[in-house]
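Residue numbers (my numbering): 14 to 97.
Don't be surprised by glycine CBs; every beta carbon is placed ideally from N, CA and C.
To start, the structure itself, in structure tokens.
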Amino acid sequence: MASMLGIRAGKNYDAGETKHGIHESVYTAYLEEMLVKARERLKKLRADPAKFDEQIREAEDEIEILESLHENFDASMDVFGRME
């Protein structure tokens, strides 16, 4: 369970202050880490002419999903921030 939340031995996910005035969550940091890896994988797929279009579409879809999760989390934090 801990690895699903991005908590791993030797990793520090404290990303500092956010626009909300609180520390980045482990969830957000993990999403950002996954986005970096997904973008790197997509770049490699696009550079390899032997890769199928299906693999590239799947990688693009993964990035879109991760970006959406990040945006939705950020939007929900805006809502909670206004409630204070």
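Integer Cβ distance of residue i from residue j, believed to fall under 8 angstroms
| i | j | result |
| --- | --- | --- |
| Arg8 | Ala72 | Since the displayed the chain opens at 14 and closes at 97, residue 8 lies outside it and no answer follows. |
| Glu75 | Ala51 | 5 angstroms |
| Leu58 | Ile69 | 5 angstroms |
Per-residue burial, residue i [other beta carbons within 10 Å of its own, 16 or more giving buried]
| i | result |
| --- | --- |
| Ala63 | exposed |
Closest by C-alpha distance to residue i, when choosing among the options
| i | options | result |
| --- | --- | --- |
| Ser81 | Val39, Glu67 and Leu48 | Leu48 |
### Inside the segment 33-96 only - alpha helix (DSSP H) runs reaching at least 4 residues
Under the rule that a run must span 4 or more residues, the alpha helix (DSSP H) segments found entirely inside the segment 33-96 read 39-60 and 66-96.
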